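A.B. asks: After the structure tokens below, expect a handful of questions from me.
In my numbering, the protein residues as written are 319 to 697.
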């Protein structure tokens, strides 16, 4: 068992390109809750992340672990301690710096398998690797303590926990394969929202709305910010269309299936015109325009979480009030000027403003793929 003040060594990835290269860090147990243990890298001083900061994050996240497990499913508990470890280390910041950006945290599925010659970086425990504030930019991109505490750290914890639960349910419990990256990331952003820590979501789906043709909802090897934002919006829409059904979320996560098949099986729609991915996507494409309040073609609006005070839900035309100054103004639409080839990503949508067209409009896919078109009258 672990006691407050205990020191422990952890292996942390040294590279974004290999799960076998690692560095070893020494960390101290700074908080032990019913469901979590927070370790802080000894490299981190209290002026970067104070004892009070850790206590606040730990107290807030401890009940969230139980809430997420109740909502989504159990963690595997491979180390038998009944707790999730959160390791706050500047090595996460360094990894983000290697890619020229920020990594707020990650979960490594290799940790759920014993360390071996082919799996040398495993700590054989459920670990969330979490960044630390870096006001001087010593380890990567400059991140103020204030912004880390208000936005990044509270949201990344429930986000990464969903990944742990999802992997356990898909691979260990259901004996299937891991969920695809786009859908998995979308679920983690939905977890942020449902746990009252969705303050980082508007800036991501704002990127998606600015160029929805550029981002696939369900087909991506590595989900970037725009794909994450789009996948979150899509899942939020389906969650609302399901009647905010817990059963829908559990079928989606407690499943051996992936991607489109998983979505269709989990939603289990009874309406003949709303039980396949193409039908989900068509109505979602209308919803993200924000042009109608019809419940089939819109989001339900936002409300403040009763515990955190943060906004829950999605808006496509509003001031996000997310601590970033994000302003959302719906989708970006190009002017239609006659015949053109309009390339999109798979499971993506492109918008046009059409005016003064006298001839018939036609839509086809020269590559032989399926496509859908929606004509929205605005006047």
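Beta carbons: idealized from backbone N, C-alpha and C, even for Gly.
Please read all numbers here as calculations on a predicted model, not as lab measurements.
1) State the Cα-Cα distance for the pair residue 511 and residue 676, rounded to the nearest angstrom.
2) Closer than 8 angstroms by C-beta to residue 415: which residues in its own chain qualify, once you throw out the five before and the five after it? Chain order, please.
3) Does the structure place the segment 548-564 close enough to the segment 358-372 that three or more beta carbon pairs sit under 8 angstroms?
4) Note down, in chain order, each residue of its chain lying with its Cβ closer than 7 angstroms to the Cβ of residue 358, except the 5 sequence neighbours on either side.
5) Decide yes or no for the touch test of the segment 638-654 against the segment 509-528: beta carbon pairs closer than 8 angstroms, at least 3 of them.
6) Would you say residue 326 reaches chain C, if we count a Cβ-Cβ gap shorter than 8 angstroms as a contact?
7) Given a cut-off of 8 angstroms on the beta-carbon distance, is the pair residue 446 and residue 475 in contact?
8) What did DSSP end up calling residue 423 once you bin it into helix, strand or coil?
9) Please state whether DSSP places residue 598 in a helix, a strand or coil.
10) State the Cα-Cα distance for the pair residue 439 and residue 495, rounded to the nearest angstrom.
11) Using beta-carbon positions only, say whether residue 692 and residue 604 come within less than 8 angstroms of one another.
12) Three-state secondary structure (DSSP) at residue 447?
13) Give me the DSSP bridge partner(s) of residue 452.
14) With which residues is residue 357 paired in a DSSP beta bridge?
15) Measure the C-alpha to C-alpha separation of residue 399 and residue 319 and round it to an integer number of angstroms.
16) Helix, strand or coil: how does DSSP classify residue 493 here?
17) I'd like to know whether the C-beta atoms of residue 628 and residue 524 end up nearer to each other than 8 angstroms.
18) Residue 371 bridges to which residues according to DSSP?
19) Residue 428 and residue 342: beta carbons closer than 8 angstroms?
20) Please report how far the alpha carbon of residue 437 lies from the alpha carbon of residue 331, in whole angstroms.
21) Tell me which residues share the same chain as residue 583 and place their Cβ nearer than 8 angstroms to its Cβ, disregarding the 5 neighbours each side in the sequence.
22) Ends of the alpha helix (DSSP H) at residue 728?
23) By DSSP, does residue 652 sit in helix, in strand, or in coil?
24) What number of angstroms, rounded off, separates the C-alpha of residue 468 from the C-alpha of residue 673?
25) Relative to the alpha-carbon of residue 322, which residue among 329, 356, 340 and 334 has its alpha-carbon at the smallest distance?
26) Work out the CA separation of residue 451 and residue 461 for me, nearest whole Å.
27) Assuming residue 392 and residue 484 make a contact with CB atoms under 8 angstroms, what is their CB distance in whole Å?
28) From residue 352 to residue 382, what does the alpha carbon distance come to, in whole angstroms?
29) Could you tell me how far apart the beta carbons of residue 649 and residue 607 are, in whole angstroms, since I believe they sit closer than 8 angstroms?
30) Does the beta-carbon of residue 327 have 16 or more other beta-carbons within 10 angstroms, so that it is buried, or is it exposed?
31) How long is the line joining the alpha carbons of residue 340 and residue 478, rounded to whole angstroms?
32) Identify whether residue 645 lies in helix, strand or coil by the three-state DSSP scheme.
33) Is it true that the CB of residue 534 sits closer than 8 angstroms to the CB of residue 500?
34) Looking only at its own chain, which residues have a Cβ that is under 7 angstroms from the Cβ of residue 618, when we skip the five neighbours before and after it?
C.D. replies: Taking the geometry as given:
1) If you take the alpha carbons of residue 511 and residue 676, they lie about 45 angstroms apart.
2) 457, 458 and 459
3) no
4) 345, 346, 348, 367, 372 and 406
5) yes
6) Any reference to chain C falls outside this structure, which holds one protein chain only.
7) yes
8) Here residue 423 sits in strand by DSSP.
9) If DSSP states are grouped into helix, strand and coil, residue 598 belongs with the helices.
10) Here the C-alpha atom of residue 439 lies approximately 21 angstroms from the C-alpha atom of residue 495.
11) yes
12) strand
13) 461
14) 347 and 405
15) 7 angstroms
16) coil
17) no
18) Paired residue(s): none; residue 371 is not in a bridge.
19) no
20) 12 angstroms
21) Excluding positions up to five away in sequence, the list reads 569, 573 and 575.
22) Past the edges of the chain, shown from 319 to 697, lies residue 728, and the structure says nothing about it.
23) strand
24) Those two C-alpha atoms are separated by around 45 angstroms.
25) 356
26) 5 angstroms
27) The pair is not a contact, with the Cβ atoms about 11 angstroms apart (cut-off 8 angstroms).
28) 11 angstroms
29) 6 angstroms
30) exposed
31) 20 angstroms
32) strand
33) yes
34) So the list reads 558 and 631, once near-sequence residues are dropped.
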